[in-house]
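> Heads up: the sequence shown begins at 1 in UniProt numbering, then just goes up one per residue.
Even glycine gets a Cβ: it sits at the ideal position worked out from N, Cα and C.
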Amino acid sequence: MRKVSGITHPSAATAEAFEAAVAEVTATTTRLLDALPPRRQPPKTVPPLRRPDVAARLAGSR
């Protein structure tokens with residue numbers, strides 16, 4: 001919602017509308033993902049932050 005609205009931190013005046021929009025998008029996304037068939041195969045690559053070696057290296061540097 002932040003990308004669509006251009007609002008990074010909702011004010012008190014916009015918080016209610018912002019949260020309602022977030023709830024609607026969440027519900028719609030959930031319905032879409034529930035309606036799609038399961039993936040036939042996993043993705044060919046794993047994003048860097050989910051790779052065990054990268055996660056271990058990042059954890060060690062903190």
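Please report the Cβ distance between Ala-21 and Met-1, rounded to the nearest whole angstrom; I am assuming they are in contact, meaning their Cβ atoms lie under 8 Å.
Between Met-1 and Ala-21 the Cβ distance is about 5 Å, and since that is below 8 Å, they are a contact.
> Determine the extent of the alpha helix (DSSP H) in which Gly-60 is found, giving its start and end residues.
Run containing Gly-60: 52-61, per the alpha helix (DSSP H) assignment.
> Rounded to whole angstroms, what is the Cα-Cα separation between Leu-36 and Pro-52?
Roughly 29 Å between the two C-alpha positions.
> Do Val-54 and Pro-48 have their beta-carbon atoms positioned less than 7 Å apart in this structure?
Cβ atoms of Pro-48 and Val-54: closer than 7 Å.
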